[in-house]
Amino acid sequence: MKAAAPAPAPAAPRLWDIFCHVIDNWGDLGVCWRLARQLVAHRQRVRLWVDDASALSWMASPGALQGPGPSPRSSPSQASTSAQPLYQGLGELAELSVHHWPRLQPETAPPTLEPGDVLIEAFGCDIAPHWVQALQPEGRTGQVWINLEYLSAEPWIERCHGLPSPVLSGPLAGRVKWFYYPGFTPGSGGLLGPDRAVADHPSAAWPAPVQENATSPAQTHADSDATPWAPRITLFCYEPEALTQLLAQPALAQAHWRVCAGRSLVAWQRAQAALPASATVERLPLLAQTEFDALLRSSSLNLVRGEDSLVSALWAGQPLVWQLYPQDDGAHHAKLEAFLDWLEAPPCLRQWHRAWNGAEAATVELPPLTEQRLQRWRHCTLQARQRLSQQGDLLGQLLRFVAGKR
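Below you can see the structure in the form of structure tokens.
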């Protein structure tokens, strides 16, 4: 089996400016940080502009960045803007720098820096016109301006992916911004692939399910009939009402729960009274992105939220349930159904996803999560990963997209 799509052909080195507005759950920054790292790994230079870069203190791997970072005495909106970066990459990330973006003070003049080649507004974060003019001066050839959109499996994104958005008035009149839609199908912009170290060594990155509670191979063989199933479950969620029912599942009585920091822990604390005394719990600290990826690969079941963790969970190849960012108008339910259709999810997995996302009442009794059922879910994930590995990933497609617009 192929681990991932082949690495993109070497691209001409370009300078990329990626702008990111951190909302409340780190997911936008997670996508931008992963994209920045992968671009640098393919001979590109990257300036990552963030309105609140504080999460990089734990999201970046130890030793990946150096610099003062955001001032602890000021809010992100009060941080100064200068030509000096908040962080500078080290080693393999030497061509990556992280800069403060004063999003809440759009009148602030940008620092004087080398003009860039590619400008990315991640998730429609709206850069002030004078910043666009400073980073992509008028009359300079070969510049590309991209709006990187949110991930969806809905069919309409294939029709919108790659469309131009000409600016018809104002100081940026005459310029063109291009829509780039990540997605799961060949007609979309693709997904960010796993780190190259993972893709190059799939046997290490995607291990077969391990025997839980085994102290030695001999003892495992002798006690195989008596050893209870003790799955490792990673919980990275918002506040799903179905969590209480999940904790009480009889088949998970010996489970080892790995609860991520933040909202996942808050949700856990609200529901933990339903947990059997025989289960065990590990409260995790904030993890670097690469550490979180490794956590997903070693789990028996991944309960993930948002975009970046979903993509990592798909590449991890283990059973997963995805919680989408909840929207007041219920639009996330249509996105969920489109994803489940692409995943070719069996009925039980669909039912759990709907309950986990509030599309079904939390009082509805859900099917038990047995070892056999999770094995079927894992097969579903592996089939989906195989399909993804046979089409171009987001990085390679994005490099080709930019090359075609210059």
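Heads up, the sequence shown is in UniProt numbering, so the first residue is 1 and it goes up one at a time.
Just so you know, even glycine gets a beta-carbon here, dropped at the ideal spot from N, CA and C.
Bridge-paired residues (DSSP) for residue i
{"i": "residue 166", "result": "176"}
{"i": "residue 23", "result": "Residue 23 pairs with nothing; no bridge assigned."}
{"i": "residue 89", "result": "65"}
{"i": "residue 17", "result": "47 and 119"}
{"i": "residue 305", "result": "323"}
Limits of the beta strand (DSSP E) - the one that residue i falls within
{"i": "residue 97", "result": "96 to 100"}
{"i": "residue 365", "result": "Unbroken run through residue 365: none, as it is neither H nor E."}
{"i": "residue 256", "result": "256 to 259"}
{"i": "residue 283", "result": "280 to 283"}
{"i": "residue 151", "result": "Neither: residue 151 is in no beta strand (DSSP E) and is coded neither H nor E."}
{"i": "residue 232", "result": "232 to 235"}
Whether residue i touches residue j by CB criterion (8 Å)
{"i": "residue 242", "j": "residue 279", "result": "no"}
{"i": "residue 394", "j": "residue 182", "result": "yes"}
{"i": "residue 61", "j": "residue 290", "result": "yes"}
{"i": "residue 388", "j": "residue 104", "result": "no"}
{"i": "residue 240", "j": "residue 58", "result": "no"}
{"i": "residue 295", "j": "residue 233", "result": "no"}
{"i": "residue 110", "j": "residue 170", "result": "no"}
{"i": "residue 172", "j": "residue 132", "result": "yes"}
{"i": "residue 146", "j": "residue 120", "result": "yes"}
{"i": "residue 366", "j": "residue 351", "result": "yes"}
{"i": "residue 301", "j": "residue 231", "result": "yes"}
{"i": "residue 407", "j": "residue 227", "result": "Absent from the model: residue 407. The displayed extent of the chain is 1 to 406, so no value can be given."}
{"i": "residue 37", "j": "residue 13", "result": "no"}
{"i": "residue 292", "j": "residue 312", "result": "yes"}
{"i": "residue 377", "j": "residue 349", "result": "yes"}
Neighbourhood of residue i by C-beta distance below 7 Å, restricted to the same chain and skipping five residues each side
{"i": "residue 384", "result": "314 and 343"}
{"i": "residue 397", "result": "189 and 190"}
{"i": "residue 64", "result": "89, 90 and 93"}
{"i": "residue 417", "result": "An answer regarding residue 417 cannot be provided, because it is not within the stretch 1 to 406 covered by the chain."}
{"i": "residue 68", "result": "86"}
{"i": "residue 160", "result": "179 and 181"}
{"i": "residue 106", "result": "128"}
{"i": "residue 286", "result": "58 and 261"}
{"i": "residue 406", "result": "142 and 144"}
{"i": "residue 249", "result": "368 and 369"}
Same chain, Cβ closer than 6 Å to residue i, neighbours up to 5 away in sequence not counted
{"i": "residue 259", "result": "235, 265, 268 and 283"}
{"i": "residue 20", "result": "28, 29, 32, 50 and 122"}
{"i": "residue 402", "result": "118 and 144"}
{"i": "residue 98", "result": "48, 53, 85, 86 and 87"}
{"i": "residue 40", "result": "46, 93, 95 and 96"}
{"i": "residue 425", "result": "No statement about residue 425 is possible, as the shown extent of the chain runs from 1 to 406 and does not include it."}
{"i": "residue 409", "result": "Outside the shown range of the chain, which is 1 to 406, sits residue 409, and nothing can be said about it."}
{"i": "residue 15", "result": "45, 116 and 117"}
{"i": "residue 174", "result": "none"}
{"i": "residue 152", "result": "335"}
{"i": "residue 270", "result": "none"}
{"i": "residue 17", "result": "47, 116, 119 and 135"}
{"i": "residue 347", "result": "none"}
{"i": "residue 216", "result": "Low confidence applies to residue 216: its pLDDT is 36, below 50, so where it sits in the model is not reliable, and the reading given next is rough at best. Same-chain partners within the cutoff: there are none."}
Top-ranked residue by Cα proximity to residue i, from the options
{"i": "residue 52", "options": "25, 40 and 37", "result": "25"}
{"i": "residue 137", "options": "400, 112, 192 and 381", "result": "112"}
{"i": "residue 247", "options": "322, 324, 368 and 161", "result": "368"}
{"i": "residue 391", "options": "68, 185, 231 and 296", "result": "185"}
{"i": "residue 261", "options": "354, 373, 238 and 41", "result": "238"}
{"i": "residue 327", "options": "321, 320 and 335", "result": "335"}
{"i": "residue 124", "options": "178, 110 and 34", "result": "178"}
{"i": "residue 323", "options": "345, 329, 353 and 316", "result": "353"}
{"i": "residue 274", "options": "45, 365, 379 and 253", "result": "253"}
{"i": "residue 375", "options": "337, 299 and 309", "result": "299"}
{"i": "residue 359", "options": "371, 332, 345 and 348", "result": "332"}
{"i": "residue 372", "options": "321, 363 and 229", "result": "229"}
{"i": "residue 276", "options": "263, 102, 244 and 34", "result": "244"}
{"i": "residue 56", "options": "288, 101, 363 and 168", "result": "288"}
{"i": "residue 404", "options": "330, 22, 142 and 34", "result": "142"}
{"i": "residue 308", "options": "17, 18, 35 and 297", "result": "35"}
{"i": "residue 319", "options": "337, 330, 345 and 329", "result": "345"}
{"i": "residue 23", "options": "325, 341, 337 and 379", "result": "325"}
{"i": "residue 306", "options": "337, 157 and 150", "result": "150"}
Limits of the alpha helix (DSSP H) - the one that residue i falls within
{"i": "residue 378", "result": "371 to 389"}
{"i": "residue 355", "result": "347 to 356"}
{"i": "residue 157", "result": "156 to 160"}
{"i": "residue 398", "result": "394 to 405"}
{"i": "residue 297", "result": "289 to 297"}
{"i": "residue 131", "result": "129 to 135"}
Contact set for residue i: own chain, Cβ-Cβ below 8 Å, skip 5 residues either direction
{"i": "residue 272", "result": "247 and 281"}
{"i": "residue 176", "result": "145, 164, 165, 166 and 167"}
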